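Asker: Residue numbers (my numbering): 3 to 367.
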Ligand code: KG4
Ligand code: ZN
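(1) Counting along the chain, where does the alpha helix (DSSP H) carrying residue 123 start and finish?
(2) With respect to the beta strand (DSSP E) encompassing residue 229, which residues constitute its N-terminal and C-terminal limits?
(3) Return yes when the C-beta of residue 125 is under 7 Å from any heavy atom of ligand 2, and no when it is not.
(4) Quick one: complete alpha helix (DSSP H) runs, 4+ long, within the region 34-74?
(5) Please name the residue, chosen from 266, 45, 82, 187, that lies closest to residue 9 on a Cα-to-Cα basis.
(6) Kindly list the residues whose CB is nearer than 7 Å to the CB of residue 327, restricted to its own chain and excluding five residues on each side of it in sequence; keep chain order.
(7) When the Cα of residue 378 is compared with those of 351, 337, 353, which residue comes out closest?
(8) So, are the CB atoms of residue 201 and residue 247 less than 8 Å apart?
(9) With burial defined as no fewer than 16 other Cβ atoms inside 10 Å of the residue's Cβ, what is the status of residue 366: buried or exposed?
(10) Residue 229: buried (16+ other C-beta within 10 angstroms of its C-beta) or exposed?
(11) Three or more beta-carbon pairs under 8 Å between the region 268-279 and the region 208-226, yes or no?
(12) By the DSSP assignment, the alpha helix (DSSP H) with residue 96 in it spans what residues?
(13) How big is the Cα-Cα spacing for residue 7 and residue 329?
(14) Are there any heavy atoms of ligand 2 lying less than 7 Å away from the beta-carbon of residue 61, as far as the coordinates show?
(15) Would you tell me roughly how many angstroms separate the C-alpha atoms of residue 311 and residue 146, rounded to the nearest one?
(16) Is residue 246 near ligand 1, in the sense that its beta carbon is under 7 Å from a heavy atom of that ligand?
(17) Give me the residue from 268, 206, 258, 198 with the minimum Cα distance to residue 239.
(18) With distances taken between CB atoms, is the gap from residue 138 to residue 96 smaller than 8 Å?
(19) Just checking my contact of residue 296 with residue 218 at CB under 8 Å: how many whole Å lie between their CB atoms?
(20) Under 8 Å, do residue 309 and residue 135 count as touching if we go by C-beta distance?
(21) Could you compute how far the alpha carbon of residue 63 sits from the alpha carbon of residue 144?
(22) If you drop the 5 nearest sequence neighbours on each side, which residues of the same chain put their C-beta closer than 7 Å to that of residue 333?
(23) How far does the alpha helix (DSSP H) with residue 249 in it extend, from its first residue to its last?
(24) Should residue 30 go down as buried or exposed, given a rule of 16 or more other Cβ atoms within 10 Å for buried?
(25) Can you tell me which of the three DSSP states residue 217 falls into?
(26) Near residue 342, what residues of its chain come up, given a Cβ to Cβ distance below 6 Å and the 5 sequence neighbours on each side ignored?
(27) The beta strand (DSSP E) that contains residue 192, what's its start and end?
(28) With residue 171 and residue 287 assumed to form a contact (beta carbons below 8 Å), what rounded beta-carbon distance in angstroms separates them?
(29) Between which two residues does the alpha helix (DSSP H) harbouring residue 330 extend?
(30) According to the Cβ coordinates, are residue 290 and residue 173 closer than 8 Å?
(31) Verify the contact flag: residue 128, CB atom, against every heavy atom of ligand 1, threshold strictly below 7 Å.
(32) Given this structure, state the Cα-to-Cα distance separating residue 102 from residue 184, to the nearest angstrom.
(33) Which one or two residues does DSSP pair with residue 150 in a beta bridge?
(34) Does residue 28 come out as helix, strand or coil in the three-state DSSP assignment?
(35) Give the DSSP-derived three-state secondary structure of residue 286 in the structure shown.
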């Protein structure tokens, strides 16, 4: 292997268009030379969610410029990179096509190898870029499209321990916000409203709490919020704050139970680790302070390190895609051919069962 490897990463799976240049030094350390993200939030907010067609068109418009920007900020030319990595699933197919085809064109024109990357693998390996974490560890991905607890055993070696059987956690925040008349995206709006609310006013359900399996369910919670809101309508600002605070409390309690069981299972299976066990969090919902506090406290209780990469690297970005490509290159994993196809569905753990209703949106990751 060369003294270092330098790679261009491209991310277009949902509503962020992103490009990054990342280096992997000989000692395995990663360094982000540039990381540019264009968030399409403004394009979609009027619709209360991501519109696939609009997203794909916006990727087409933004991507070339972002790649130029990433190269120029890193001070490198296309000839000076060793490979091109692009997200090729899971996600919205129109966006994936834009990113992957662009990567193919660059790879073909420059003669550099192409790496088709699983977006979830990007999230899963980020903590190795930011914190140099060693395998194995547990990763909780909580975003608008996914809620998964994954055992990360090695590059390309993942075991899904739990997933949502209905809504993703970010989706539950977004839907709750919508029915309370709060703006999109709902997570930050619900969190803000909850600050002045009474978390004990409404007794909301905590689905699957107490069950041995490590899956999640959030659609019942959303329904309970709707019922509570309907019963006391019209809602005052205080009512909304109380519902939001009660909603967050129910979620925190649910996560305590589910993730607590996951940590206990990890400790049982990997009790012999030289370095202490660790839980990594990823995805937009990781921005939520109450959820962070809950996970942090849980990790302290169980003797785990709690690793939350900077928010810019927790949400969708291209540095994580570049890094996943570098990890694959370093392991001498095969390149992808020009015939590689984007996949709207692409589970990290090929052996995990598809759960009824899970990821039905199948789009956001
Ligand atoms: O990872 P992300 O930026 O995008 C994808 O889902 O791909 O996650 C976005 C999700 C949205 O559902 C949003 O409401 C949620 O993360 N979110 C939050 C917060 N900030 C963003 N949820 C709860 N609390 C927050 N502060
Ligand atoms: Zn994501």
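We put the CB at the ideal spot given by N, CA and C, even for glycine.
Since the model is a prediction, treat every value here as computed from it, not as a measurement.
Answerer: By the coordinates alone:
(1) Stepping through the chain shown from its first residue, residue 123 is reached at position 121. Counting along the chain, the alpha helix (DSSP H) containing residue 123 begins and ends at 121-133.
(2) Stepping through the chain shown from its first residue, residue 229 is reached at position 227. That residue, residue 229, is in no beta strand (DSSP E); its alpha helix (DSSP H) goes 221-234.
(3) Translated into the one-based positions of the chain shown, residue 125 becomes position 123. Yes, since a heavy atom of ligand 2 falls inside the 7 Å radius drawn around the Cβ of residue 125.
(4) 43-47
(5) Along the chain shown, read from residue 1 onward, the residue named residue 9 stands at position 7. If we check each option's Cα against that of residue 9, 82 comes out closest.
(6) Taking the chain shown and counting its residues from 1, the one referred to as residue 327 is at position 325. For residue 327, where only same-chain residues beyond five positions count, the Cβ hits under 7 Å are 9, 11, 85, 87, 117, 119.
(7) Because residue 378 is not part of the residues shown, which for the chain are 3 to 367, the question remains open.
(8) Taking the chain shown and counting its residues from 1, one reaches residue 201 at position 199. Taking the chain shown and counting its residues from 1, one reaches residue 247 at position 245. The answer is yes: Cβ separation under 8 Å.
(9) Walking along the chain shown from the start, residue 366 turns up at place 364. Any answer about residue 366 is weak, because its pLDDT of 41 lies below 50 and its placement is not dependable; what the coordinates show is given next. The residue is buried, with at least 16 neighbouring Cβ atoms inside 10 Å.
(10) Residue 229 sits at position 227 when you count from the first residue of the chain shown. With fewer than 16 Cβ atoms within 10 Å of its Cβ, residue 229 is classed as exposed.
(11) no
(12) Within the chain shown, the letter at position 94 stands for residue 96. From DSSP, the alpha helix (DSSP H) with residue 96 extends over 95-112.
(13) Counting from 1 along the chain shown, the entry for residue 7 is found at position 5. Counting from 1 along the chain shown, the entry for residue 329 is found at position 327. Going from the Cα of residue 7 to the Cα of residue 329 covers about 10 Å.
(14) Here the question's residue 61 lines up with position 59 in the chain shown. For ligand 2, not one heavy atom lies less than 7 Å from the Cβ of residue 61.
(15) Translated into positions along the chain shown, residue 311 becomes position 309. Translated into positions along the chain shown, residue 146 becomes position 144. For residue 311 and residue 146, the distance between alpha carbons rounds to 18 Å.
(16) Numbered from its first residue, the chain shown carries residue 246 at position 244. Checking every heavy atom of ligand 1 against the Cβ of residue 246, none is found closer than 7 Å.
(17) Within the chain shown, the letter at position 237 stands for residue 239. Ranking the options by Cα distance to residue 239, first place goes to 198.
(18) Translated into positions along the chain shown, residue 138 becomes position 136. Translated into positions along the chain shown, residue 96 becomes position 94. The answer is no: Cβ separation not under 8 Å.
(19) Within the chain shown, the letter at position 294 stands for residue 296. Within the chain shown, the letter at position 216 stands for residue 218. Going by Cβ atoms, the distance from residue 296 to residue 218 rounds to 14 Å, so no, they are not a contact pair.
(20) Reading the chain shown from its first residue, position 307 is the one you call residue 309. Reading the chain shown from its first residue, position 133 is the one you call residue 135. Cβ atoms of residue 309 and residue 135: closer than 8 Å.
(21) Numbered from its first residue, the chain shown carries residue 63 at position 61. Numbered from its first residue, the chain shown carries residue 144 at position 142. When rounded, the distance between both Cα atoms is 29 Å.
(22) Taking the chain shown and counting its residues from 1, one reaches residue 333 at position 331. Excluding positions up to five away in sequence, the list reads 157.
(23) The sequence position of residue 249 within the chain shown is 247, counting from 1. Unbroken alpha helix (DSSP H) run through residue 249: 239-271.
(24) Position 28 of the chain shown, counted from the first residue, corresponds to residue 30. So residue 30 counts as exposed.
(25) Position 215 of the chain shown, counted from the first residue, corresponds to residue 217. Three-state DSSP puts residue 217 in coil, outside helix and strand.
(26) Walking along the chain shown from the start, residue 342 turns up at place 340. For residue 342, where only same-chain residues beyond five positions count, the Cβ hits under 6 Å are 118.
(27) Position 190 of the chain shown, counted from the start, is the residue given in the question as residue 192. Not the beta strand (DSSP E): residue 192 falls in the alpha helix (DSSP H), residues 188-196.
(28) Counted from its first residue, the chain shown places residue 171 at position 169. Counted from its first residue, the chain shown places residue 287 at position 285. Their Cβ separation, rounded to whole angstroms, is 5 Å, which keeps residue 171 and residue 287 in contact under 8 Å.
(29) Numbered from its first residue, the chain shown carries residue 330 at position 328. Counting along the chain, the alpha helix (DSSP H) containing residue 330 begins and ends at 321-332.
(30) Taking the chain shown and counting its residues from 1, one reaches residue 290 at position 288. Taking the chain shown and counting its residues from 1, one reaches residue 173 at position 171. Taking 8 Å as the Cβ cut-off, residue 290 and residue 173 do not qualify as a contacting pair.
(31) Position 126 of the chain shown, counted from the first residue, corresponds to residue 128. Residue 128: no, Cβ never under 7 Å from ligand 1.
(32) What you label residue 102 is simply residue 100 of the chain shown in a count that begins at 1. What you label residue 184 is simply residue 182 of the chain shown in a count that begins at 1. About 35 Å.
(33) The count along the chain shown starts at 1 and reaches residue 150 at position 148. In DSSP, residue 150 forms a bridge with 143, 165.
(34) For the purposes of this step, residue 28 is identified with residue 26 of the chain shown, where counting begins at 1. Coil.
(35) Within the chain shown, residue 286 is the residue found at index 284, counting from 1. Residue state, collapsed to three classes: helix.
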